[in-house]
Amino acid sequence: MNIQITFPDGAQRSYPAGTTGMEIARSISEGLARNVLAMQLGGQTCDISTQVSTDATVRFFTWNDAEGKAVFWHSSAHLMAEALEAFYPGVKFGIGPPIERGFYYDVDFGDTRFSSDDFEKVEKKMLELAKRGSAYERSPVSKADAIAYFQEKGDPYKLELLEDLSDGSITFYRQGEFTDLCRGPHIPDTSPIKAIKLLNTAGAYWRGDEKRKQLTRIYAITFPKKSELDEYMHMLEEAKKRDHRKLGKDLSLFTFSQRVGQGLPLWLPKGAALRERLENFLKLRQRELGYEQVITPHIGMKDLYVTSGHYAKYGKDSFQPIHTPDENEEFLLKPMNCPHHCEIYNSEQRSYRDLPVRLAEFGTVYRYEQSGELHGLTRVRGFTQDDAHIFCRPDQVKEEFKVVIDLVLYIFKVLEFSDYTAQISLRDPNNTEKYIGSEENWNRAEQAIIEAADEKGLKTVIEYGEAAFYGPKLDFMVRDAIGRSWQLGTIQVDYNLPERFDLTYIGSDGQKHRPVMIHRAPFGSMERFVAVLLEHTGGRLPLWLVPDQVIILPISEKYEEYAREVLKLLKKHDIRGLVDERSEKAGKKIRDAEVSKIPYMLIAGEKEAADGTVSVRKHGGTDLGVMDTSTFIELIKEETNI
RNA sequence: GCCGAUGUAGCUCAGGGGUAGAGCGUUUCCUUGGUAAGGAAAAGGUCAGGGGUUCAAUUCCCCUCAUUGGCUCCA
């Protein structure tokens, strides 16, 4: 009996029933047969050795497909486990999945220590095993047999995993000496794994549960070619150069001090000026959009946070209260600005005609983050939010929300963040007691966000269980240099704080009504935003933001006077720059200016001094030639006009 | 907070039981130059902090702090 196989391009071929994926691949071309790693059969990814017995759609995966890579890395994880077992008999294995780049395996080494010193021998062993070309053999097992196997082997983790599996759906995969509980699929055999690198180890709680045993997670990556591994390692090196912590140091933007405390950034003059420019940029836009700036203190009475609900939720896990000589007095460092802003709203009676009231503040807040999760400027304990709270009528929520979305997108556009994702965070439907506020309000808020995002044409992903405890939110996430995703802009609807603070406005009916609150921070925080901006630009900040826009390079001492004159003129036009007065050759000065990423170099020598011109070189090497100083000033003005 | 790694000059790093080294940077002098590194000299260090072992510790051991890769967490 023959079966019809349909390929992704729509072509069809017929084969005898029971033909394997590999045979089908070979019938297409020898090259495909050599490179194919797995296949998709009727929507399911499976081994290439699978026999096809009914009409089906088939797609082949090679290293060039994300699916192919995932299978390759999953198989590599098994190979690593085999190598580890060879060195450490009796080790127990948790899970070993592929990840976005590479794979990991969680291992319980018992009393043995495993660290980066042991990487090399494992890599060597893996290569040796890979060369044998052992097949990955799939075998269905009964649940009883599976349990018996791992009981015999003494692996409690696999036994626990087995508990959740139903009989009949369990398969083992074996390659060489190693057998693992695994759904698959896998590559045909180990031979395509040609380049292997163990990357790092980490402690990882079994099943992500802090209370359970911590296993050693080994991260690694493999490739079918040595050159691809080299390329990958090189890419990692390059990414390191874009790390905002390095750039912040190189460009003298910020620093940390052990004596001030961990996670408490110190902004250096250039960094502070950069941040101020960003703040002014946003302030200007917000003024146009009807925001009013306010200023509130860094501390507030404990009662304020009891009222807001934050104390009950986070009091114990945060910075501890501040006491005054008056023993009844207790203050808290503010972990957010909303309660203060609510009190400002409450300071006068509001009419429906006054709404929306939009209160904005670059508010510095303090949060006790666990020491292990602090990271450069992206995760700190003291930071400044570009915060604002919009108090509006229920009928204005969606419109206000849309305007805020526009504001975020405007910022992303100006700063050329094109690679962002928008995430709608809703309640965890299985754990609703985590949240404060009524069911009805939550539903309304969630609906408003979904609709506003939809009407703005935003491509969003919905995450359940990611909402704040007081309301759902829309977050904008941007990736850093090494692919980690950070939340920047955030917009949150809140029906709860208005209740708790008893916020009201007088409606057209003369009655009191409850306003709705929207929290929003388009940058997220100044710290995190600057960090991500640095990594995005690799330190080559846009001209309007960069600390030093221009450096003037006199060819020799004789032209320093002229260089200073030019600088004076530039400063008159609000152009930021400096003169390199060192006794170095032009080549050296240019090199140093390139390294410090200054956008424009003005070379001033005999000819320029005589004619009142400058010779303009852009960062990166473009020579714009000689021009009048006034022409250059116009050029800068044009480019900084945002 | 937990598991691992790291901490040596302003920066990047080497070294190693007998009180420290390179490159870059800085300062000074020579050089006065044309689009990515001119030459010479000098200054600069409680080898993160504390304790221990030792005749002797920056080096070995322990603790603390900080940084860092993850995990957990993230208002």
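Our numbering puts the first residue of the first sequence at 7, with every later residue one more than the last. Every residue, glycine too, gets a C-beta built ideally from N, C-alpha and C.
| Check | Outcome |
| --- | --- |
| Segment limits, alpha helix (DSSP H) that includes ASP580 | Element bounds for ASP580: n/a, residue is neither H nor E. |
| Buried versus exposed, by CB contacts within 10 Å (16 or more), HIS329 | exposed |
| Cβ neighbour criterion (16 or more within 10 Å) applied to PHE93 | exposed |
| Beta-carbon contacts of GLY650 that lie in its chain and below 6 Å, excluding the five residues immediately before and after | The structure shown does not extend to residue 650, since the chain spans only 7 to 648, so no value can be given for it. |
| Exposure label - ASN447; buried when at least 16 CB within 10 Å | buried |
| Backbone CA spacing between GLY116 and LEU280 [nearest angstrom] | 51 Å |
| Residues bridged to THR60 (per DSSP) | Paired residues: none, contrary to the question. |
| Proximal residues to ALA592 (C-beta, below 7 Å), its chain only, five neighbours per side dropped | LEU559, ILE561, ILE609 |
| Contained alpha helix (DSSP H) runs [length at least 4] in the region 486-558, N- to C-terminal order | 503-506, 532-543 |
| Three CB pairs or more closer than 8 Å across the region 190-203 and the region 223-235 | yes |
| For GLU158, the first and last residue of its enclosing alpha helix (DSSP H) | 149-159 |
| Beta-carbon proximity check, PHE109 vs ALA31, cutoff 8 Å | no |
| Within 8 Å, strictly: CB atoms of LEU494 and VAL538 | yes |
| Beta-carbon spacing of ASP500, HIS519 below 8 Å | no |
| Rounded C-alpha distance that separates ARG506 from TYR476 | 11 Å |
| Segment contact, 8 Å Cβ cut-off, at least three pairs: the region 540-560 with the region 239-255 | yes |
| Option nearest LYS276 by Cα separation, candidates PRO194, LEU547, VAL386, GLY611 | LEU547 |
| C-beta atoms of HIS381 and LEU365 nearer than 8 Å | no |
| Contact between the region 124-144 and the region 156-175 (3+ Cβ pairs under 8 Å) | no |
| SER431 and GLU469 closer than 8 Å at C-beta | yes |
| ALA114 versus ASP124, LYS127, GLY96, residue with shortest Cα-Cα distance | Looking at the sequence shown, residue 114 is not Ala but Asp. Minimum Cα distance to ASP114 is reached at GLY96. |
| Beta-carbon proximity list for ARG218, same chain, < 8 Å, skipping 5 on both sides | TYR211, TRP212 |
| Limits of the unbroken alpha helix (DSSP H) element including ALA649 | Given that the chain is displayed from residue 7 to residue 648, the structure contains no residue 649 and the question cannot be resolved. |
| Neighbourhood of GLY273 by C-beta distance below 8 Å, restricted to the same chain and skipping five residues each side | A small correction: the amino acid at residue 273 is Trp; Gly does not occupy that position in the sequence shown. These residues qualify, in order along the chain: LEU259, PHE260, ARG281. |
| Whole-Å CB distance - GLU452 paired with PRO478, under 8 Å assumed | 5 Å |
| Alpha-carbon to alpha-carbon, THR68 and GLY37 | 11 Å |
| Supposed contact pair GLU183 and GLU126 - C-beta distance, whole angstroms, cut 8 Å | Not confirmed; about 21 Å, so no contact. |
| GLU659 in three-state terms, based on DSSP | There is no way to answer for residue 659, as the model of the chain reaches only from 7 to 648. |
| GLY471 to THR628 span [Cα, whole Å] | 51 Å |
| Coarse secondary structure for PHE325, derived from DSSP in three states | coil |
| Counterpart residues of SER357 in DSSP-defined beta bridges | ILE512 |
| Collapsed DSSP secondary structure at ARG248 in the structure displayed | coil |
| Where the beta strand (DSSP E) containing ILE11 begins and where it ends | 8-12 |
| Proximity of PHE368 and GLU533 at Cβ, strictly below 8 Å | no |
| N- and C-terminal bounds of the alpha helix (DSSP H) containing GLN292 | 275-294 |
| Residues bridged to TYR470 (per DSSP) | LEU432 |
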